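Taken in sequence, the protein lines are chains A and B. Under the numbering used here, residues 1 to 106 are what the first sequence spells out, in order. Under the numbering used here, residues 1001 to 1162 are what the second sequence spells out, in order. Where is the CB? At the ideal position from N, CA and C, for every residue including glycine. These numbers come from a predicted model, not from an experiment. The block underneath contains the structure these notes are about, expressed in structure tokens.
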Amino acid sequence: MIVTTTDTVPGREIAHVVGLVRGNTVRGAHAQHDLSAWMKNLVGGEIHEYTKLMAEAREQALDRLESEARASGADAIVGLRFVTCEIDTGAAEFLAYGTAVKLAPK
Amino acid sequence: MSAHERPDRPESRPPAANERPPTPDELLVMAYVDHELPPRERAAFEARCEREPALARELALQRGLDVLARDVAPREPEDHEWARFTASPSGRLQRVIGWVLIVVVPLLAIAALEFFVWRESVAPFVRWGVTILVGLGLTYFLLALRARLTTRPYDPYTGVRR
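The structure is reproduced here in structure tokens:
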């Protein structure tokens, strides 16, 4: 599955648009990570607990996005975008969306 | 003058690369530099570069930008360096203290609450009411913990690092 943020796939022609596909997730860190993050917030620097949390959410949202595109018979996803927001303290919501397309045969 | 007209750019000057969407060839060059093309398309692109000097120039420009971008970026700590820090005595101590605080503080708070509630001066319905609420809260937490421990082995994302 080709996933790209551009509106086209270089070297390939888009035969038709399948439609909007999206994948989202909301993940939380456990209390020990929240406590550690809170402490790190006092002294500054990267908060790895939350970096990991966001990375987990990103990968899960991407996998769900690709899964939906695959189920709809698409070859590629173009115009990929990510949206994130805080739905709860210490939780990460990640939404990935894009346009599923069918590529013309080479 | 309409909102779409650009007074700072004479009509005769072609738009610069950052003033228009990338052309298919520019996208192709970016994909090549980023190693995103499959082998057959890479070979076809390299053959085209030999025939088309403009494309070869664009490739040289993009490669230069790629090198520049990598040189500008500071070195990231490797995963094994983070792992070493996490496994160090201070990293382990930090986690142990964290867990102790998380477990001990709520238990002490519950014990203190129950201690005050079960004094003679407190009405029996308040005692039992608070105790039942605390019991329900603990049960709810244990059920949530059980659900997490049950589903955790099937969560493929816990291994994602960053």
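- Message: Within 8 Å of any Cβ in chain A, is that where the Cβ of residue 1101(B) sits?
- Response: Along the second sequence, one-based indexing puts residue 1101(B) at 101. Yes - at least one Cβ of chain A is within 8 Å of the one on residue 1101(B).
- State the DSSP-derived secondary structure class of residue 18(A), mapped to helix, strand or coil. Within the first sequence, numbered from 1, the residue matching residue 18(A) stands at position 18. Residue 18(A): strand per DSSP, three-state reduction.
- Within this structure, are the beta carbons of residue 90(A) and residue 28(A) separated by less than 8 Å? Counting from 1 along the first sequence, the entry for residue 90(A) is found at position 90. Counting from 1 along the first sequence, the entry for residue 28(A) is found at position 28. Against a cut-off of 8 Å, the Cβ pair of residue 28(A) and residue 90(A) comes out as a contact.
- So is residue 1071(B) buried or exposed if we call it buried at 16+ other beta carbons inside 10 Å? Position 71 of the second sequence, counted from the start, is the residue given in the question as residue 1071(B). Exposed.
- Message: Residues of the segment 1020-1036 of chain B in Cβ contact with chain A at a cutoff of 7 Å, in chain order, please.
- Response: 1024, 1027, 1028, 1031
- Output, in sequence order along the chain, the residues in the segment 1053-1084 of chain B whose CB is closer than 8 Å to any CB in chain A. 1082
- Along chain A, which residues have their Cβ under 7 Å away from the Cβ of residue 1041(B)? Reading the second sequence from its first residue, position 41 is the one you call residue 1041(B). In chain order: 11.
- Selection from 1061(B), 1121(B), 1107(B), 1153(B) that minimises the alpha carbon distance to residue 1134(B): Here residue 1134(B) corresponds to residue number 134 of the second sequence, with the count starting at 1. Comparing Cα-Cα distances from residue 1134(B) to each of 1061(B), 1121(B), 1107(B), 1153(B), the minimum goes to 1107(B).
- Query: Is it buried or exposed for residue 1142(B), if we count other Cβ within 10 angstroms and need 16 for buried?
  - Reply: Working through the second sequence from its first residue, we reach residue 1142(B) at position 142. Burial call: exposed.
- Query: With 16 other CB atoms within 10 Å as the buried threshold, where does residue 1121(B) fall?
  - Reply: One-based indexing of the second sequence puts residue 1121(B) at position 121. Result: exposed.
- Message: Any C-beta of chain A within less than 7 Å: which residues of the segment 1086-1113 of chain B qualify?
- Response: 1094, 1095, 1098, 1099, 1101, 1102
- Item | Interface residues of chain A facing residue 1126(B) [CB-CB closer than 7 Å] | Here residue 1126(B) is taken as the residue at index 126 of the second sequence, counted from 1. None at all; the shortest Cβ gap to chain A is about 29 Å.
- Task: Determine, using beta-carbon pairs with one atom in the segment 54-73 of chain A and one in the segment 11-23 of chain A, whether at least three such pairs fall under 8 Å.
- Result: Counting Cβ pairs under 8 Å, three or more are found: they touch.
- Message: Which residues in chain A have a C-beta closer than 7 Å to the C-beta of residue 1157(B)? List them in chain order.
- Response: Counting from 1 along the second sequence, the entry for residue 1157(B) is found at position 157. Going along chain A in sequence order, the residues near residue 1157(B) (Cβ under 7 Å) are 56, 59, 60.
- Pick from 93(A), 86(A), 2(A): whose alpha carbon is nearest that of residue 1038(B)? As a position in the second sequence, residue 1038(B) is number 38, starting the count at 1. Comparing Cα-Cα distances from residue 1038(B) to each of 93(A), 86(A), 2(A), the minimum goes to 2(A).
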